[in-house]
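Visitor: Position one of the sequence shown corresponds to residue 136 (the numbering used here), numbered consecutively onward.
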Amino acid sequence: MSTWQNGIRVSCVQLSPFYLLSFSFDEDGCCVVMDMKYNKVVNKFIPHAKLVTSAQLYQEQGLLLTGSLDYTVKLWNVWVKE
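#1: Measuring only the C-alpha atoms, how far is residue 175 from residue 181?
#2: Could you give the DSSP three-state label for residue 221: helix, strand or coil?
#3: So what's residue 160 in DSSP terms, helix, strand or just coil?
#4: Any idea if residue 159 is buried or exposed, counting beta-carbon neighbours within 10 angstroms, 16 or more meaning buried?
#5: Go ahead and pull the three-state DSSP assignment for residue 174.
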């Protein structure tokens, strides 16, 4: 695990170069969505009951697949359709 400047450890990160977003998962189970262009948090949510150990972003479909120590795999729709 890597550590952010604030001391919170990060279990995994996925990047969207097209939308300039990053999805990082910390040791507290939180997903932080960052706008990389403006270096600003745009969303936070808790995807699982325990640590997220893997994530895969399917950018074209707008899907984020996550796996966790809570023995679940979840599929998230991350792009809002206009």
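Don't be surprised by glycine CBs; every beta carbon is placed ideally from N, CA and C.
In this text the structure is predicted, and so the values were computed from the model without any measurement.
Guide: To lay it out plainly:
#1: Locating residue 175 in the sequence shown gives position 40, where the first residue counts as 1. Locating residue 181 in the sequence shown gives position 46, where the first residue counts as 1. The straight-line gap from Cα to Cα measures roughly 18 Å.
#2: Summary: the structure shown does not reach residue 221, with the chain confined to residues 136 through 217, and so no result is reported for it.
#3: Along the sequence shown, read from residue 1 onward, the residue named residue 160 stands at position 25. Here residue 160 sits in strand by DSSP.
#4: Counting from one through the sequence shown, the residue named residue 159 turns up at place 24. With 16 or more other Cβ atoms within 10 Å, it is buried.
#5: Against the sequence shown, residue 174 aligns to sequence position 39. DSSP places residue 174 in coil when its eight states are reduced to three.
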